Every structure is written in C-alpha cells, then in structure tokens.
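Structure record follows, encoded as structure tokens.
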Ligand SMILES: [Zn+2]
Ligand SMILES: [Zn+2]
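In the numbering used here, the protein residues as written are 10 to 190.
As structure tokens, this is what we get:
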C-alpha cells in the first residue's frame, strides 16, 4: 500500500468517475447507473437517486479530469477550491466495517460534494508526498482514460477498460505478421 487505505480508494474512485465520461460514451446515463457506481466504489451515506444528484456528479467530472493534466500549482488551486467550496472540515470517523479514516464533510452532504471532497483530500496527499506523477493517462493510442498508478515500480501503463489486453493482442498480431515468410 502506497498511501493510507482511504487515499488509495479515493484516488481509484476519482479516476473511475472521470472515466465514466471517457471513450465509451456516457458511463452514467441514468440514476440507476449512478447507483451501481455508488455501490461498486463502496460509497455510503446520502444517496438521493435523483436527476439533480446525477447532474451534479456528472458536472464534477471535467473538474477532476483537469487534475490529470495540470501541473502542481494548478492541482493545488483545484484542490483548495474544492475543499473551500465544500467547507471541508477533516474529521476521523469510523462507520460500517471500516477502520478510522478521514471525512471532511458530513455523511448527509450531497453525493457530488462528498465525491469532490474525498478526491481533493486524496489529491492533497499526492501533492504533499510529491507523488502527482502517479496520475497518468492510458498509454493506448485510442484511449484517453485516466489512471492512478499505485504500483511499487510505477509500471502501470493501461487503464482498467481492457486496453492492456487490446495492446497485447495488437503486439501479438504484429509479431505473427512479422514472422510470416
Ligand atoms: Zn467513510
Ligand atoms: Zn485505456
């Protein structure tokens, strides 16, 4: 584990959220899709299942995506902005089966606010540890998904959407074609 457990989870969830607006079209087409995303990423607390909630979650994505392309100062501006707007107040809390971790807004704050603040808190860890280079985009030429490289040797190249397999198949075919007499 590279960072605190909640930081790792928050970074992965932030990347996944950004990628719902990625190369495969709208990944959050309706409130049901958001409910599935909510469960898949272990979200708890307030969840309205309304169009308004869906819209505000979608609107967060381009702001978070910018972090992947920003330099350090710009990341800091975005992170501070998100924390300030949400009136973040970090508190260690324990709920469900999770160990103590940080929440910076109440659990009944709107989902998009909590997503923004969790991402911002995790990004603050990356800035403080000088690890912003962990935020990368997928190496596959047809893919602009973002990823978080949490591997020890910084070896992660592809996103979770099957690009690693696609690249392997392409390389295999190229090798076979080259070997043909
Ligand atoms: Zn929690
Ligand atoms: Zn990809």
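In this text, a Cβ means the ideal position worked out from N, Cα and C, and glycines have one as well.
A quick note: this is a predicted structure, and the numbers were derived from the prediction, not measured.
The C-alpha of residue 105 is placed about 28 Å away from the C-alpha of residue 64. In this structure, residue 73 places its C-beta atom within 8 Å of the C-beta atom of residue 26. Scanning the stretch 22 to 50 for uninterrupted alpha helix (DSSP H) segments of 4 residues or longer gives 40 to 49, listed from N- to C-terminal end. The set of residues with a C-beta under 6 Å from any non-hydrogen atom of ligand 2 comprises 147, 149, 152, 154, 167, 168, 170, 172, given in chain order.
Taking all protein chains in view, the Cβ of residue 59 is surrounded by fewer than 16 other Cβ atoms within 10 Å, so the residue is classified as exposed. Every residue with a CB closer than 6 Å to a heavy atom of ligand 1 is listed here in chain order: 104, 107, 110, 112.
DSSP places residue 159 in no alpha helix (DSSP H); its state is neither H nor E. Note that the stretch 16 to 36 touches the stretch 156 to 169; at least 3 beta-carbon pairs, one per stretch, sit closer than 8 Å.
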